[in-house]
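Asks:
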Amino acid sequence: DGGITQSPKYLFRKEGQNVTLSCEQNLNHDAMYWYRQDPGQGLRLIYYSQIVNDFQKGDIAEGYSVSREKKESFPLTVTSAQKNPTAFYLCASRPGQGGPYGYTFGSGTRLTVV
Amino acid sequence: ILNVEQSPQSLHVQEGDSTNFTCSFPSSNFYALHWYRWETAKSPEALFVMTLNGDEKKKGQISATLNTKEGYSYLYIKGSQPEDSATYLCAFLPTSGTYKYIFGTGTRLKVLA
Chain A
909 DGGITQSPKY
919 LFRKEGQNVT
929 LSCEQNLNHD
939 AMYWYRQDPG
949 QGLRLIYYSQ
959 IVNDFQKGDI
969 AEGYSVSREK
979 KESFPLTVTS
989 AQKNPTAFYL
999 CASRPGQGGP
1009 YGYTFGSGTR
1019 LTVV
Chain B
395 ILNVEQSPQS
405 LHVQEGDSTN
415 FTCSFPSSNF
425 YALHWYRWET
435 AKSPEALFVM
445 TLNGDEKKKG
455 QISATLNTKE
465 GYSYLYIKGS
475 QPEDSATYLC
485 AFLPTSGTYK
495 YIFGTGTRLK
505 VLA
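Taken in sequence, the protein lines are chains A and B.
Each residue of the first sequence is one higher than the one before, counting from 909 in the working numbering.
Each residue of the second sequence is one higher than the one before, counting from 395 in the working numbering.
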């Protein structure tokens, strides 16, 4: 079955550490996205990529970095520069740039700074 | 800044009750609106893709309507069941060319048996 796999499900990070969240899809989708959810807020876009080897900043990119070396993979690194990284992170993909296609989502990673 | 609002924030209903909630979005530059159902510990699941003013979509006991001129969409659940308990998210796609959806904060529905 096609889908998106995020790992790990739970992640604990010490202050000052960088951590990388994995997102892999086997849907042959061109576009991939990272969102962050905080209590009482809607999903906020961190980074997105519409094609391999290209990505753009979303609304809250500071303190995060991404890469898109393969179509299937879009890992997110939460760097030590991210002041408040404790949150729930969702990865999503959609077929491409055109059309009103919706997202396919992963099941998320909950990151906690300890 | 484009804003998408959902109301109410949360809702408790009894099994068998019908319920509805609202998604409000900018009425200009509309391209598409999506509804998602998000159960705890699972991935958000697509319910409806709505693109035309006056659209009405139905999936089982859940239906949705769209009014792009006034900027709102309603989601209706007829005869709620405990398994309908979830957060219902709407996402607005403007004709901005960037294909970035703007999400509402969701309506959390709890159906009591």
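For each residue, glycine too, the CB sits at the ideal point set by N, CA and C.
If you follow the beta strand (DSSP E) that B/Ala458 is part of, which residue opens it and which one closes it?
Replies: Ile456 to Asn461 is the extent of the beta strand (DSSP E) around B/Ala458.
Asks: Return yes when the Cβ of B/Phe486 is within less than 9 Å of the Cβ of A/Tyr943, no when it is not.
Replies: No. Outside cutoff.
Asks: Beta-carbon separation of B/Tyr430 and B/Leu441 under 9 Å?
Replies: Yes, the pair counts as a contact, with Cβ atoms nearer than the cut-off.
Asks: How far does the beta strand (DSSP E) with B/Leu469 in it reach, from first residue to last?
Replies: Here the beta strand (DSSP E) through B/Leu469 covers Tyr466 to Ile471.
Asks: At a CB-CB cut-off below 7 Å, which residues of chain A make contact with B/Lys436?
Replies: Those within 7 Å of B/Lys436 in chain A are Ser1015.
Asks: Run through DSSP, which three-state label would B/Pro476 get?
Replies: Here B/Pro476 sits in helix by DSSP.
Asks: Which of the three DSSP states, helix, strand or coil, is assigned to B/Lys451?
Replies: Strand, per DSSP.
Asks: Please list the partners that A/Leu951 has in chain B, where partner means a Cβ-to-Cβ separation under 7 Å.
Replies: What A/Leu951 touches in chain B: Phe497.
Asks: Go through its chain and collect everything with a Cβ distance to B/Val398's Cβ below 6 Å, but skip five positions before and after it.
Replies: Here the set comprises Phe419, Phe486, Ile496 and Gly498.
Asks: When the Cα atoms are used, what is the spatial distance from A/Gly950 to B/Gly500?
Replies: Distance between the alpha carbons of A/Gly950 and B/Gly500: 7 Å.
Asks: Find the residues of chain B that neighbour A/Tyr918, judging by a C-beta separation of less than 9 Å, and give them in chain order.
Replies: In chain order: nothing, as chain B lies at least about 11 Å away.
Asks: Check the Cβ-Cβ distances between B/Ala458 and every residue of chain A, and say whether any is below 9 Å.
Replies: No, B/Ala458 does not count as interfacial toward chain A.
Asks: B/Ala480 touches chain A at which residues, Cβ-Cβ below 8 Å?
Replies: By Cβ distance, chain A contributes nothing, its closest Cβ being about 13 Å from B/Ala480, past 8 Å.
Asks: So that I know if they touch, is there some Cβ in chain A lying closer than 9 Å to that of B/Lys453?
Replies: No, because no Cβ of chain A sits closer than 9 Å to the Cβ of B/Lys453.
Asks: If contact means a Cβ-Cβ distance below 9 Å, which residues of the stretch 987-1011 of chain A contact chain B?
Replies: Correct list: Leu998, Ala1000, Arg1002, Gly1004, Gln1005, Gly1006, Gly1007, Pro1008, Tyr1009, Gly1010 and Tyr1011.
Asks: May I have the straight-line CA-CA distance separating A/Lys978 from B/Asp411, to the nearest angstrom?
Replies: Straight-line Cα distance between these residues: approximately 48 Å.
Asks: Please work out which residues of its chain come closer than 6 Å, Cβ to Cβ, to A/Ala1000, disregarding the five sequence neighbours upstream and downstream, and give them in chain order.
Replies: For A/Ala1000, where only same-chain residues beyond five positions count, the Cβ hits under 6 Å are Tyr941, Tyr1011 and Phe1013.
Asks: Out of A/Leu953, A/Gly948, A/Asp938 and A/Asp967, which one is the CA nearest neighbour of A/Tyr997?
Replies: Selected option, being the one with the closest Cα: A/Leu953.
Asks: Mapping DSSP to helix, strand and coil, what is B/Phe486?
Replies: Strand.
Asks: Is the Cβ-Cβ distance between A/His937 and A/Pro1008 less than 9 Å?
Replies: No; because the gap between Cβ atoms is not below 9 Å, this pair is not in contact.
Asks: Could you tell me the distance, in whole angstroms, from the CA atom of A/Asp967 to the CA atom of B/Leu396?
Replies: Each residue's Cα considered, the two are about 12 Å apart.
Asks: Start and end of the beta strand (DSSP E) containing A/Tyr972?
Replies: First-last of the beta strand (DSSP E) with A/Tyr972: Tyr972 to Val974.
Asks: What does A/Tyr956 reach in chain B if we use C-beta pairs closer than 8 Å?
Replies: What A/Tyr956 touches in chain B: Lys494.
Asks: Straight-line CA distance for B/Ser479 to B/Val505?
Replies: The straight-line gap from Cα to Cα measures roughly 5 Å.
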